[in-house]
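Trainee: Next up is a structure, given as structure tokens.
This is the structure:
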């Protein structure tokens, strides 16, 4: 049911620090156009940049950015997937990473930013994240406008080509998996558990 | 006794009587068992809600949501 | 105002003043004792986070310690306080007791529990004249089948016995349940949380709070109800009484009491060759330790928990040496300043020893040793290192000093919940005869404490459970079943082991009857029956085949335990434990995908229909007689904790070893070739237990939930409304209501 000017919107999602920026880079290198504003500059936590769109955070109030998103890729953090209106079609690449690694990476980033985190013990943080991940995947399973593919971060680093091919297939072909692997650099994989 | 790990809580008799009636229907062996069960569930839900709020704070701190 | 957490009644003011004074004096003493006592906590707590060895397809546990010194002190202080308030409480109880006994039909009720006694065998042996005492009981009173629980497992059935309720009200559905966040197994009957605060003192680490041990079995045992009416009960080794209940009576804890390593029983095999480490795939407990040869003898150690006081987590050890004796086949064991005579192919007596934690602080343990071979290749077996009942590292009885009392009466005895070491027989570290010697040794210990209670408790209830029938039938059924896969290619060396066991139990009944007078009602019962376990059914493999379960990487089977290989995003149902199947439910399981409500309902219906009549292709026999949704067989506040679907296998079949621990094997059906060849986790209608009564019953449509109300009514106490069972004696019209 895709009209020529309403190709599915590619969403890269997941928990913060689960490899979403890396996936955005891979898609760009593979030939997909990104929808970003470059407002959040590259820093120590993401030396190559964040590839984000600030307007995504205000989707609930103003979803007009979606009009420019057809056939392009945009990063939407897992919590904000609920805000996406159902009159578009979304192909979601959902990044998965071990929660202990995610928490370490988030903690490091909070420290660098000098902002407060959750002040919860790790096991309770994990419990909330696990539940929220379960909820959002369940939500997408039941909502017709979503198709999703889970990509494991560690597998991506260890075997980028096969993961790139999987993503390409999911998105209907048209990308160059070999080029996608060029951005994967094992040095970026810090906080390894 | 000295090393008991229980605490006493005092409630109105009228509330106690209401709880007693409900606990009997529910199949609990005593009002205490019923009270402990619902308190454990409520506490878990509160903790869950508090924890979710704390996680939202973390996401804000990371700059991913408003 | 009503107080809703019940404590002891408040003493009068003058007594309070005296207690205050005494309290001050004690505080100084307490401060010193506390430091010593809490020192014993906790390192075993470091094992709490891991699903530790599951020694019985079931529970693994961390252990929490209360220093034995503190245990004795607590008992002394409690006794002192009790003494001060004794007159008041005595009068109060006497008044209530007298009121109850006015309506009582008998002065005392005795329940002799023979775990797993199978009706078809009892009836066969009765016909053959082998069970004269049970025959006499049947003639004077009644005999009938005793309906059991879904599933027919000891923790579930005995909990229903204790509380008079179905599992939906007492919350025990299996040995294990699963954590909905991690899908890992947890022990269903007890939860242990470690000490939360520690203080460092040099190279020592002192826990400041006690670990919290919580009983997960809910509702209220009938002995508590008796106690509220002032009637005393002795409850010995009834499963799921750890931590011990608090009531007017005495109790010795049973199933799930851990060993000192915090497991449900890790035996040790000492050898001078081979590899050290776990003896099997880690699910059933045994460890091999390689000994050091010292000329003619050997040197080794008894492993203990990590030292709770040492900051470096060192493992506690008790060294020992074994030297050959002058006579052939004898040896001397030197441990902890003692010399113990050993003889090849015999068990030693219980040996007591101490693990030194810090100057002046130690943890007490006991073991029995079985020397297999001294010269040539050294080989020796040790039971799991168990809590010393005389100076228990944690409370295993109520009151706390009761286990010490029993130890002083009869010497040390096995305290481990699952004391008969079936794993060592499975692993062929022990021979069949050694296993029987161990099982009957424990049986004798149990008999002594039972007869002691019979002597001392002349009014009220005395309940004692004997586990030998259950364990012996589990391990020896293959010798009674000519077609059993475990017997193939083996000589049938123990054809009569089970029959001999029944005869021995009958003798116990005879000895018991001899000690009772006319004022006592006797029940001899079992919690479930027994069947051959010839074929395994891998439920997870079935779920995988039908598309309800998916493994990561889409593989077709996995050796990873505890469901670790499962792809939760595509799994709708999974099996863990012995009872049945859980739905991977959204909002409940952390990675659940099946929505509650209609979707789940339809899925459960589908599974129930597909499972019923599942056939074994090899024999064309039906393996699954029936599958039921939990709401059909449970009602009560805790039904949500139960598996969503209960699977009732036909006799001969049971869930596979792999599926029970969350693995997925290659085969849906397979032979059971293990020594554990008899079982009872099948459809409950096929494995009722037995019930003999010295008084003729008015109703023989008996179920295990009826035992509590029956005992209450005999002792003149009204059955509480929450109990599902009813008395097997007709109402006498003296004010009781059911």
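Protein chains in written order, with my numbering: chain Y, 1 to 193; chain E, 1001 to 1066; chain P, 2001 to 2738.
Ideal Cβ placement from N, Cα and C applies to all residues, glycine included.
Residue 127/Y CB to nearest chain P CB: under 7 Å?
Mentor: Chain P, which has a Cβ nearer than 7 Å to the Cβ of residue 127/Y, makes this yes.
Trainee: For residue 2216/P, which option in 2721/P, 2643/P and 2638/P has the closest C-alpha, if you only look at C-alpha atoms?
Mentor: Per the Cα distances, 2638/P.
Trainee: Checking contacts by CB at 7 Å: is residue 1044/E closer than that to chain Y?
Mentor: For residue 1044/E, the answer is no, since every Cβ of chain Y falls outside 7 Å of its Cβ.
Trainee: Name the DSSP bridge partner or partners of residue 2536/P?
Mentor: BP columns for residue 2536/P point to 2654/P and 2670/P.
Trainee: Compute the Euclidean distance between the alpha carbons of residue 180/Y and residue 2567/P, then round it to the nearest angstrom.
Mentor: Rounded to the nearest angstrom, the two C-alpha atoms are 26 Å apart.
Trainee: What's the C-alpha gap between residue 17/Y and residue 2302/P?
Mentor: Each residue's alpha carbon lies about 47 Å from the other.
Trainee: Roughly how far, in whole angstroms, is the beta-carbon of residue 2548/P from the beta-carbon of residue 2563/P, given that I think they are within contact range, below 8 Å?
Mentor: Going by Cβ atoms, the distance from residue 2548/P to residue 2563/P rounds to 13 Å, so no, they are not a contact pair.
Trainee: Can you give the Cα-Cα distance for residue 2296/P and residue 2309/P, rounded to whole angstroms?
Mentor: Using only the alpha carbons, I get a separation of about 36 Å.
Trainee: Are there 16 or more other CB atoms within 10 angstroms of the CB of residue 2683/P, so buried, or fewer, so exposed?
Mentor: Result: buried.
Trainee: Residue range of the beta strand (DSSP E) that residue 2147/P falls in?
Mentor: Counting along the chain, the beta strand (DSSP E) containing residue 2147/P begins and ends at 2142-2147.
Trainee: Does the Cβ-Cβ distance between residue 2541/P and residue 2664/P come in under 7 Å?
Mentor: Result yes, Cβ atoms of residue 2541/P and residue 2664/P sit closer than 7 Å.
Trainee: So, residue 2334/P versus residue 2364/P, is the Cβ gap smaller than 7 Å?
Mentor: Not closer than 7 Å, so no.
Trainee: Just mark residue 162/Y as buried or exposed, buried being the case when its beta carbon has 16 or more other beta carbons within 10 Å.
Mentor: Classification for residue 162/Y: exposed.
Trainee: Determine the closest residue to residue 2646/P out of 2612/P, 2516/P, 2628/P and 2218/P, with distance taken between C-alpha atoms.
Mentor: Nearest C-alpha to residue 2646/P: 2628/P.
Trainee: Taking Cβ positions only, does residue 1066/E come closer than 7 Å to chain Y?
Mentor: Judged by the 7 Å Cβ criterion, residue 1066/E is in contact with chain Y.
Trainee: Figure out for me which residue from 2244/P, 2605/P, 2504/P and 2423/P has the closest Cα to the Cα of residue 2131/P.
Mentor: The candidate whose alpha carbon is nearest that of residue 2131/P is 2504/P.
Trainee: Roughly how many angstroms lie between the CA atoms of residue 2662/P and residue 2105/P, to the nearest whole one?
Mentor: Going by the C-alpha atoms only, they are around 50 Å apart.
Trainee: Here's the rule I'm using: 16 or more other beta-carbon atoms within 10 Å means buried, otherwise exposed. How should residue 2460/P be labelled?
Mentor: By the 10 Å Cβ count, residue 2460/P comes out buried.
Trainee: Report yes or no: is there a C-beta of chain Y within less than 7 Å of the C-beta of residue 1052/E?
Mentor: By this cut-off, residue 1052/E is an interface position.
Trainee: Output, in chain order, the set of chain P residues within a Cβ distance shorter than 9 Å of residue 66/Y.
Mentor: The premise fails here: residue 66/Y is roughly 26 Å from chain P at the closest Cβ pair, so nothing lies under 9 Å.
Trainee: Answer with yes or no whether the minimum CB distance from residue 2636/P to chain E is below 7 Å.
Mentor: Chain E, which has a Cβ nearer than 7 Å to the Cβ of residue 2636/P, makes this yes.
Trainee: Which residues, taken in chain order from the stretch 24-53 of chain Y, show a beta carbon closer than 8 Å to some beta carbon of chain P?
Mentor: Hits within the stretch: zero.
Trainee: Indicate the three-state DSSP secondary structure (helix, strand or coil) for residue 2698/P in the structure shown.
Mentor: Here residue 2698/P sits in coil by DSSP.
Trainee: Let me make sure I understand the geometry here. Which of 10/Y, 121/Y, 8/Y and 23/Y has the alpha-carbon closest to that of residue 151/Y?
Mentor: It is 23/Y whose Cα lies nearest to the Cα of residue 151/Y.
Trainee: Starting from residue 2181/P, find everything on chain Y with Cβ-Cβ shorter than 7 Å and list it in chain order.
Mentor: 127 and 130, listed in chain order.
Trainee: Is the CB-CB distance between residue 11/Y and residue 90/Y below 7 Å?
Mentor: Yes, the pair counts as a contact, with Cβ atoms nearer than the cut-off.
Trainee: Is it true that the stretch 84-103 of chain Y meets the stretch 2149-2157 of chain P, where meeting means three or more beta-carbon pairs spaced less than 8 Å apart?
Mentor: As far as the Cβ criterion goes, the stretch 84-103 of chain Y does not touch the stretch 2149-2157 of chain P, which means the pair count is below three.
Trainee: Given that residue 1024/E touches chain P, what residues does it touch there, using C-beta distances under 8 Å?
Mentor: Ordered by position in chain P, the residues that pass the 8 Å Cβ test against residue 1024/E are 2721 and 2722.
Trainee: Could you tell me whether the Cβ atoms of residue 2536/P and residue 2619/P are closer together than 7 Å?
Mentor: Not a contact, by the Cβ cut-off of 7 Å.
Trainee: So, is the C-beta of residue 1029/E closer than 7 Å to a C-beta in chain P?
Mentor: It does: the Cβ of residue 1029/E has a partner Cβ on chain P nearer than 7 Å.
Trainee: Grab me the residues of residue 2169/P's own chain with a C-beta within less than 6 Å of its C-beta, minus the 5 sequence neighbours each way, in chain order.
Mentor: Cβ neighbours of residue 2169/P beyond the five flanking positions: 2219 and 2636.
Trainee: For the beta strand (DSSP E) containing residue 2528/P, name the first residue and the last one.
Mentor: Residue 2528/P -> no beta strand (DSSP E), and no H or E assigned at all.
Trainee: Taking C-beta pairs closer than 7 Å, name the residues in chain Y that residue 2593/P reaches, listed in chain order.
Mentor: By Cβ distance, chain Y contributes 138 and 141.
Trainee: Beta-carbon within less than 8 Å of residue 31/Y's beta-carbon, same chain only, minus the 5 sequence neighbours each way: which residues are those?
Mentor: Only 174, 175, 176 and 179 meet the Cβ criterion.
Trainee: DSSP three-state label for residue 2213/P, please.
Mentor: Here residue 2213/P sits in strand by DSSP.
Trainee: When the Cα atoms are used, what is the spatial distance from residue 82/Y to residue 103/Y?
Mentor: Using only the alpha carbons, I get a separation of about 23 Å.
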